[in-house]
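J.:
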Amino acid sequence: MTTRLHTIAVQDATGQTAELFGALRGGIGKVPNAYATIGSNAPAVLAQALQTNAALKKGNLSARELEAINLSVSEHSGCDYCLAAHTLT
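In my numbering, the protein residues as written are 95 to 183.
1) Would DSSP call VAL139 helix, strand or coil?
2) Three or more C-beta pairs closer than 8 Å, one from the segment 134–152 and one from the segment 103–113: is that the case here?
3) Thinking just about the alpha-carbon of each residue, which of ILE132, THR181, LEU177 is nearest to the one in HIS100?
4) When the Cα of ALA179 is compared with those of VAL125, ARG119, PHE115, GLY121, which residue comes out closest?
5) Would you mind reading off the limits of the alpha helix (DSSP H) that contains ILE105?
6) For ALA130, which residues from the same chain have a beta carbon less than 8 Å from its beta carbon, with the 5 sequence-adjacent residues on both sides left out?
7) Mind reading off the beta-carbon distance from GLU169 to LEU160? Whole number of angstroms is fine, and I expect it under 8 Å.
Right under this line is the structure:
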């Protein structure tokens, strides 16, 4: 049996999830679908992902290099959704 994850509407988020969604909207202007699903089900995981992204942006890799890594990981893991998302940016 497959378990489906629920995704709450961004405007209905409360607590830590609402804070994380607010930070995303303030930073990139939106809450991407994948992040909305992660935040709806495991806000601590979303918080860690955002911290990791922030740390990577402070490093020596350019935005283009980071996106190339995202594309490579998406392809390697066979995630068509991720490939599409990272191809748009």
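All C-beta atoms in this analysis are idealised placements derived from N, C-alpha and C, irrespective of residue type, glycine included.
T.: So, from the data block:
1) helix
2) yes
3) ILE132
4) VAL125
5) The residue asked about is misnamed: residue 105 is Gln in this sequence, not Ile. Careful: GLN105 lies outside any alpha helix (DSSP H) and carries neither H nor E.
6) THR101, ILE102, VAL104, PHE115
7) Their Cβ separation, rounded to whole angstroms, is 15 Å, which puts GLU169 and LEU160 out of contact at 8 Å.
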